[in-house]
């Protein structure tokens with residue numbers, strides 16, 4: 055087990071009616087003028103936005119709004135948010151939505167006091183220093199962004215999707231009410247489930263040694279996603295399913311299962327390249343790419359990890375032929391994603407064959423990616439061709 | 055799943071040589087005059103105390119000492135610590151040891167600014183208000199106290215052992231170096247393993263609904279304790295085993311597996327009564343009492359939980375007769391504790407038969423205890439007689 059520092063500053067208010075703490079919590083962090091960041095019409099239609107605005111009014115907190123933030127949030131939205139925030143002299147950023155909204159809000163918080171362009175944070179041209187406090191009202195089980203210091207932003211001009219990691223943008227609090235996820239459509243519930251599972255896989259497939267405990271925690275989260283993803287899709291107002299998925303999503307990427315190990319993150323890097331050029335839903339891209347990545351990297355030396363996944367998570371009968379059982383596990387994962395009605399091929403989601411080369415180049419601009427097994431341009435192109 | 059608030063303010067520095075952060079972290083919390091709290095000679099003999107003192111000297115931090123804190127820490131030690139702390143005008147409390155030391159240090163921190171007797175906190179006569187910051191250097195995998203707001207203290211005059219729970223005494227940071235547990239003797243490694251497992255059982259056996267994720271996390275920690283407890287006993291300097299046990303101990307009682315549910319805690323209440331009159335090692339008492347508690351409360355209505363424990367943790371072959379398999383699981387747990395060389399009977403650890411009645415009365419002074427299944431005085435006496 056590697057050395058680590060565990061620091062979890064985000065306070066999570068989980069459960070029914072937890073929105074009631076909103077005003078008091080914003081004030082606790084000296085907020086009085088809030089920038090509300092959101093995307094879709096869903097939170098307008100289901101009344102959540104009105105409820106939030108009423109709560110702010112009751113607490114004498116003023117607000118301005120940045121709406122229309124898209125999935126794979128754009129740096130242009132970040133710029134717009136910073137401008138609205140400055141024009142209205144806001145002192146607190148509130149994200150209402152899933153990972154895209156929260157990531158955009160965090161980057162606005164990071165860029166608010168910075169004189170240059172916020173894309174500089176993603177090109178290592180600038181480091182995040184002073185930030186505004188940011189909080190999240192989560193409406194989709196998937197991201198983990200509600201309890202970590204990560205933000206992923208897309209720049210359409212440079213056709214790139216990059217990640218920022220700094221504890222300075224970790225939310226001060228997040229509100230997780232499973233009922234706020236009742237209106238998530240079937241397709242996005244499936245993609246969110248795949249996203250949660252992919253976050254776990256990126257940490258499960260680690261070459262770090264002596265991480266039995268973390269491995270078992272990973273399997274606990276995977277089993278939860280596999281059990282409740284389909285239930286939430288078919289019974290959108292099943293509180294048990296939505297609650298277990300929501301908490302699983304947080305634990306999959308709030309560092310809990312990353313303490314003491316190095317993750318791989320190849321599939322995320324490749325998916326970021328895919329969605330940078332296609333605007334594909336992140337979780338869908340991850341589900342398409344994960345089984346082919348697994349088949350590509352599986353070999354006799356690392357079969358044990360895949361074998362454990364097959365036996366412990368997919369209940370494949372143990373046996374002597376580790377490779378065979380490992381492959382059965384990967385097939386089961388593919389079947390599971392198919393059962394969630396997620397497309398299995400990039401060709402089914404609008405990617406053209408001639409784009410594969412460009413995707414591989416974006417994913418591997420120079421140095422190989424991944425740590426569980428290093429992948430170069432040719433490896434990534436091969437994986438992409440398999441998924442086509 | 056019940057509503058919950060997740061708040062984890064303790065920063066954990068985990069791994070080799072993490073002690074190096076000590077001076078900087080104490081200063082970060084405005085400490086300059088520290089009260090070091092410790093118990094046994096072990097930390098003197100293995101050089102840890104000298105190392106700590108050197109680090110404090112290098113950081114120009116002065117210190118005074120409270121030594122000789124016993125297992126089942128006494129309120130008299132707390133009073134002594136408060137006096138030494140006040141005489142030396144300390145501004146920071148540093149625990150070096152296992153749960154007993156940390157609990158004593160936390161209570162000193164709580165009582166430092168209180169004019170009355172610190173036992174008042176345990177009898178609800180007073181509430182904890184202002185406290186000194188407290189930190190822990192953990193030297194035993196067991197307690198969880200390094201990352202929670204609990205303290206358990208024994209009062210020999212009133213023959214009682216009581217718990218205090220307040221976030222005000224949660225450590226500001228804790229240092230967990232698995233190498234600091236290399237010198238833990240075999241007997242205490244076994245008792246610590248049982249302690250970790252008991253903490254998990256108290257939360258696993260919950261009547262709260264819709265807690266699949268938490269249940270799976272519990273099983274992950276149990277499997278880790280079962281795998282590494284025996285290895286750590288037989289190979290005391292096995293870093294992998296010590297590291298996994300140490301982190302498992304923290305996760306077993308840092309609230310992670312308690313979010314969203316009510317725990318039972320009957321076995322802890324009964325054990326506190328046993329060790330209040332006998333000074334038995336806490337983990338040993340828990341190991342003796344847990345299987346008989348399980349057999350006493352198991353019935354057709356709750357057999358599913360015990361069945362899951364048997365199948366998922368003790369690898370018993372699944373089957374139709376839930377009760378039979380549940381009982382096999384309990385037998386496996388008993389065998390595991392026996393394999394750790396932990397006594398199976400209270401009579402083997404110096405308890406006299408005529409004391410059983412007194413223990414039951416201390417454990418159940420009036421209202422029934424437990425929530426998974428309520429236990430009255432007669433239930434507890436029956437459990438105690440089974441263990442005799």
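Protein chains in written order, with our numbering: chain A, 55 to 442; chain B, 55 to 442. Note that CB positions come from ideal geometry on N, CA and C, so glycine has one too.
- For residue 273/B, the residues of chain A that pass the 8 Å Cβ criterion are 270, 274, in the order they occur in the chain.
- Below 8 Å, enough C-beta pairs join the segment 264-277 of chain B and the segment 263-280 of chain A to call them touching: three or more.
- For residue 125/B, the number of other beta carbons within 10 angstroms of its own is at least 16, and it is reported as buried.
- Inclusion of residue 106/A and residue 135/A in the CB contact set at 8 Å is not warranted, their separation being larger than that value.
- With contacts defined by Cβ atoms closer than 8 Å, residue 411/B and residue 435/B form a contacting pair.
- Residue 60/A has a beta carbon lying within less than 8 Å of a beta carbon in chain B.
- For residue 57/A, the C-beta contacts it makes with chain B under 7 Å involve 68, 69, 70, 72, in order along the chain.
- Of 93/A, 326/A, 76/A, the smallest CA-CA separation from residue 216/A is found for 326/A.
- Taking 8 Å as the upper bound on Cβ-Cβ separation, chain A lies near residues 274, 275, 277, 278, 281, 282, 293, 294, 297, 298, 301, 302 of the segment 274-304 of chain B.
- Here residue 440/A is actually not in contact with residue 66/A; their C-beta atoms are around 39 Å apart, not less than 8 Å.
- One finds nothing in chain B with a Cβ atom closer than 9 Å to the Cβ of residue 361/A; even the nearest lies about 16 Å away.
- Pairing residue 321/A with residue 344/A gives a Cβ-Cβ distance under 8 Å.
- Nearest to residue 75/B by C-alpha distance, out of 427/A, 302/A, 59/A, is 59/A.
- A Cβ-Cβ distance of about 19 Å is found for the pair residue 191/B and residue 132/B, leaving them out of contact under the 8 Å criterion.
- Contact between the segment 169-182 of chain B and the segment 285-303 of chain B is absent, with fewer than three C-beta pairs closer than 8 Å.
- Put simply, the CB of residue 316/A is far from chain B, with every gap to its CB atoms at 8 Å or more.
- Cα atoms of residue 315/A and residue 296/A: separation of roughly 29 Å, rounded to the nearest angstrom.
- Interface residue (Cβ-Cβ distance to chain B less than 8 Å): residue 258/A is not classified as such.
- In the DSSP assignment, residue 204/A is bridged to 219/A.
- Uninterrupted beta strand (DSSP E) stretches at least 3 residues long and entirely within the segment 77-106 of chain B occur at 87-91, given in chain order.
- In this structure the segment 226-239 of chain B does not touch the segment 334-344 of chain B; the number of beta carbon pairs closer than 8 Å is below three.
- Runs of beta strand (DSSP E) with 3 or more residues, each lying fully within the segment 110-165 of chain A, are found at 116-120, 146-151, listed in chain order.
- Here residue 245/B is not near residue 323/B, since their CB atoms are 8 Å or more apart.
- Counting C-beta atoms within 10 angstroms of its own C-beta, residue 355/A has fewer than 16 neighbours from the protein chains shown and is therefore classed as exposed.
- For residue 189/A, the enclosing beta strand (DSSP E) has its first and last residue at 188-192.
- Taking the beta carbon of residue 267/B as reference, the chain A residues within 8 Å of it are 274, 275, 278, 298, 301, 302, 305, listed in sequence order.
- Contact between residue 199/A and residue 156/A holds: their C-beta atoms lie close to 4 Å from each other, under 8 Å.
- What residue 65/A touches in chain B, judged by beta-carbon distance under 8 Å, is 59, 60, 61, going in chain order.
- Taking a contact as a CB-CB distance under 8 Å, the pair residue 152/A and residue 193/A counts as one, their CB atoms being some 6 Å apart.
- Per DSSP, residue 61/B lies in no alpha helix (DSSP H) segment; the continuous beta strand (DSSP E) that holds it begins and ends at 58-68.
- Less than 8 Å separates the beta-carbon of residue 195/B from that of residue 235/B.
- Pairing residue 89/B with residue 122/B gives a Cβ-Cβ distance that is not under 8 Å.
- Per DSSP, reduced to three states, the secondary structure at residue 370/A is coil, with no helix or strand assignment.
- DSSP places residue 305/A within a helical segment (H, G or I) once states are collapsed to three.
- Assigned with DSSP and collapsed to three states, residue 425/B falls in coil, not helix or strand.
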